[in-house]
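For the sequence shown, position 754 matches number 754 in full-length UniProt numbering, and the numbering has no gaps at all. Glycine included, every Cβ here is placed at the ideal spot set by N, Cα and C.
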Amino acid sequence: MNDKTVFLSYRRDTTGKAFARSIERELTHHGYDVFLDVDTMESGPWPDQIERAIPACAHFLLLLTPGALDKCDDQNDWVRREYELAARYQRNIVPVREESFDTDHERAHCPESMGGVFPLQIATVSHGRFKNDITELTGHYIPPHKAPKQPESSAASPRQPPRTLHNLPPRNPHFTGRAELLSALRRELEDKGMAELQGMGGIGKTQTALKYAHGHAHAYGFIGWLRAEDPEDLAEAFAGLAGLLALDTKTIADRNLVIGMVKRRLETQDHGLLVFDNVEDRDAIAPYSPQWGGHTLITTRNPALGMVRAPLPTKAFMPEETRELLERHLDQGNPQALQDIHAELGGLPLALEQARAYMEESSRNITLYLELFRTRRAELLAHVASGAQTNVTVATTWQMAFERVAEEMPESAALLNLCAFLAPENIPYRLFTRGAEHLPRDLTRVADDLAFDGLITALLHHALLESNGTEFSFHRLVQAILYARLPEAERPHWLAHAIRLLNAAFPFQKADIETWTPSAALMAHVNAVRVQAEKHAVINDELGRLLNRAGNYLRVRAEYPHSRMLLETSLEIRQQLHGEQHAETAESLNNLASLLSAQGQYREAKPLFERALQVYQSVFGEAHPDTAISLNNLAGLLQSQGQYAEAKPLYERALRIRQSVFGEEHPHTAASLNNLAELLRSQGQYREAKPRYEQALRIHQSVFGEAHPDTATSLNNLGSLLRSQGQYQEAKPLFEQALKIHQSVFGEAHPDTATSLNNLGSLLYSQGQYTEAKPRCERALQIHQSVFGEEHPDTATSLYNLGMLLFKQRKKRAAIPYLERALVAHEAVFQDQHPNTLTLLVNLGAAYAATGKPLKARECLTRARAVKEKHPEYQGPLIEQFDEMLKKISHGEGKRGKTRKPKKTGQTGKGKKRS
């Protein structure tokens, strides 16, 4: 049993409810799990729930307010029944008197059934000493060590329900009101499975949803809390549910795979709750909404979100709700002050709660708070661009908190200014504690861990942020105020500091996969400074470098559209700062061209590669490692386009440079060996290719180990060579090992994983293992279509593989649509300027002939003959084979499926080139 669980028994009148609510809030603040019936019970027979809850709690507090015991002579009275249940189960019973409860009078008039109350030690809680009295209550009357042991006899006592798995933010001990809304929310979820809380910003939608989730946690086996305002943050949060659901995702780098796993697991949950907080667009949460038997709760500002037919409106506080929230700060000498603060803050729950927090910190009552508020209003209105009344009141409240914490710790002002330009959530401590040399002067004193902890503690005390010990987060409204309060002229200065910090901290190195996860954690902040830099027309070297590295990270993770935006921006910055003939400009040209090449946009990529090579040769000369990178990249593009003769001397030059600079045992040398071997294999020069492949694999295994993506590349390439030579048994374990590495590092939905699936699938169908081959080929096609779309060389390869698989299974009619689509996709990129065009045309012609379509077959083979005559260097069928096939078609033999298929020339799988 949890020894910090408390059941509150009270007379259900106005005084009793208010006292119970105050006790609940403070005990929750002290870490107790409190059962208060108006908040905790679900629908159904409530007596049964009460009778289950009392034995499940360690402590039973009997709240004594005036008249609390008057009706206890009735055996059906619930205060009496609750007390008797607690006594039967030997709970730790503690009477708690409100200061106006007259003990002597009540003892004299106490019903006989409640006579056992007064011999007990009675705790007193008074308004003037409320916090001190609660501290004494928790320390003396209900400390954890006083929790009774659970009775061993399970026949007499109900079993305590299992704890709910959740990632809920901490419950707000000061939450008040919303009783009708919470009841309506419960009914809506139980009747329809989905409910929507709709209202303006700061109206309390999030806190209402959180109160419901905590109060009804016992009714759910799982609760997932997801902040939905930013797509990137939503995706990360949804993937983060994997831990709660006990899914093993430690070795899976592809977030989309994790998201799929989480969604599938949720669809097996019948008693779960998902909360999507602050949804702006229904399409944003569609990928994360499971088809399940659980409940879905949405909060949104958008009245036209359309997720449910009738959203539950969340409105401003009524005056009595404001009173309940601020009751401890009432000015007894000025009852009008309560109405005034309700009117001044427009009944906005966020503003009222922030006011309460400030009064708590400063020991001001409502009257004194209003005096300060009224003197500062005009000065602070300028800090809220929209001028909306609700924003003004929230901004005013926090402005005062900013100034107070700045008086206590001057460094806080610099930290707040800096954080105004980062993403509001998940700001890592290490950004500041590991980058002291890049901090503004005002923050250098708190760069070590201990001092920084003190700074965060000061901000926590003023409720300006939340922290988990390694990261801190601001409420989005607070950060908006932080930004608005900065003078326009100072904003570029603080933005430049934020950019400098991120650039120094962004760790991505392509060869070191340990840097990938911490790079992902900083992407939201990279995006934030990019947007702000554009807004303030800030450009500097640090921003160009940061966006270049972040764009490269996204390229490796196959997040191509986002990568392109960052790389293009980086290139523009570097061109503006340094011109065209600078090494950093060449670096951006190279990286952007690599992205375009990966997307199959070879025409756009080629001039960028050529410009980068020209700059490197001009700046560094012919024998520099960066020149070798450009040579390799340009050669790779030429090879992808089938221009083998043009590619080969570039590869050879790059290899010579790297051997000279790095030696024979360096990964860069291995990359060049791999690339040159790939070219030789494409030309059918297997004997020359093999030793280069083997040397590259040995280097990668020696330097990176067995589980690195570059090792997987070498395994795939050597396996492809062995397959081309018909050495299937030797190739298979290499493909299987490469697939395992790619799945581990990139996940199931990455193009490199698709390459490995294609290679293994094509090998299996070459061995006649069609059943095993088909799902791998189908999965590869799904990945390529998802990442690249239909008109991409890799998609064409996957379509071709599936078509040939079906053809070999004698499902020739089924094969034709795949082969047709493969040809369309291939020609969209290459027209007829590629060797694989020849292979596709011949095999599609053979399929047409075998299915009784001689005219289409003749058209394909005639086109293939023209391509071969135009490009005699292309590997593939000889002219005589075309003539023989056309002759057979003319004699009608194609209709009987006897047309001879020409030899395939490497379309079934491919290796990967590395720079």
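Can you tell me the Cα-Cα spacing of residue i and residue j, whole angstroms?
| i | j | result |
| --- | --- | --- |
| Asn527 | Glu873 | 48 Å |
| Glu869 | Ala849 | 22 Å |
| Gln269 | Ala822 | 41 Å |
| Phe7 | Leu137 | 14 Å |
| Arg80 | Ala56 | 18 Å |
| Leu546 | Asn426 | 19 Å |
| Ala623 | Ile657 | 6 Å |
| Ala647 | Thr627 | 15 Å |
| Glu542 | Val745 | 29 Å |
| Lys853 | Glu267 | 47 Å |
| Ile54 | Glu736 | 58 Å |
| Pro507 | Ile456 | 24 Å |
| Arg863 | Ile816 | 17 Å |
| Ile285 | Trp225 | 13 Å |
| Leu673 | Gly684 | 16 Å |
| Ala558 | Ser786 | 11 Å |
| Ala489 | Leu422 | 18 Å |
| Tyr616 | Tyr818 | 43 Å |
| Lys690 | Leu757 | 22 Å |
| Arg264 | Gly272 | 13 Å |
| Leu431 | Val703 | 30 Å |
| Leu460 | Leu571 | 40 Å |
| Gln532 | Pro440 | 18 Å |
Closer than 6 Å: is that where the CB of residue i sits relative to any heavy atom of the ligand GTP?
| i | result |
| --- | --- |
| Thr713 | Ligands displayed in this structure: none; no statement on the ligand GTP is therefore possible. |
So what does DSSP say about residue i, is it helix, strand or coil?
| i | result |
| --- | --- |
| Val275 | strand |
| Trp225 | strand |
| Ser467 | strand |
| Gln198 | strand |
| His30 | coil |
| Ile285 | helix |
| Leu142 | Leu is not the amino acid found at residue 142; the sequence shown has Ile there. Correct three-state label for Ile142: coil. |
| Ile252 | coil |
| Leu312 | strand |
| His166 | strand |
| Ile539 | coil |
| Asn92 | strand |
| Pro290 | coil |
| Pro428 | strand |
| Gln701 | helix |
| Pro231 | helix |
| residue 946 | Any question about residue 946 goes unanswered here, given that the chain covers just 1 to 915. |
| Gln576 | helix |
| His742 | helix |
| Phe421 | coil |
| Val392 | Only weak support is given to the placement of Val392: the predicted model assigns it a pLDDT of 35, under 50, and the question is left unresolved by the model. |
| Met885 | helix |
| Gln683 | coil |
| Asp70 | coil |
| Thr268 | coil |
| Arg129 | coil |
| Met261 | helix |
| residue 941 | In the structure as shown, the chain begins at 1 and stops at 915. Residue 941 is therefore absent and cannot be evaluated. |
From the DSSP output, which residues share a beta bridge with residue i?
| i | result |
| --- | --- |
| Ala707 | None, per the DSSP bridge assignment. |
| Phe7 | Phe35 and Phe60 |
| Gln399 | DSSP, once it has assigned bridges, lists no residue as partnering Gln399. |
| Ser473 | Glu466 |
| Thr124 | Arg97 |
| Thr299 | Leu197 |
| Asp512 | Gln509 |
For chain C, is any of its Cβ atoms less than 7 Å away from the one on residue i?
| i | result |
| --- | --- |
| Leu608 | Annotation note: the requested chain C is absent from the structure, which comprises a single protein chain. |
Problem - Contact the region 810-819 vs the region 837-848: 3+ CB pairs below 8 Å - result: Look at the beta carbons and you see the region 810-819 touching the region 837-848: at least three pairs across the two are nearer than 8 Å.
Problem - Any 3 or more C-beta pairs closer than 8 Å across the region 102-120 and the region 312-323 - result: Under the three-pair Cβ rule at 8 Å, the region 102-120 does not count as touching the region 312-323.
Practice task
Jot down the residue ranges of each uninterrupted alpha helix (DSSP H) in the region 785-859, minimum 4 residues, whole runs only, in chain order.
Solution key: 793-808, 812-830 and 835-850
Problem - Runs of alpha helix (DSSP H) lying entirely within the region 622-657, each at least 4 residues, in chain order - result: 625-640
Exercise for the section: Inspect the CB distances between the region 660-667 and the region 633-646 and report whether three or more fall short of 8 Å. Expected result: no
Handout entry: Inter-stretch contact at 8 Å, needing at least 3 Cβ pairs: the region 185-199 / the region 292-312
Key = yes
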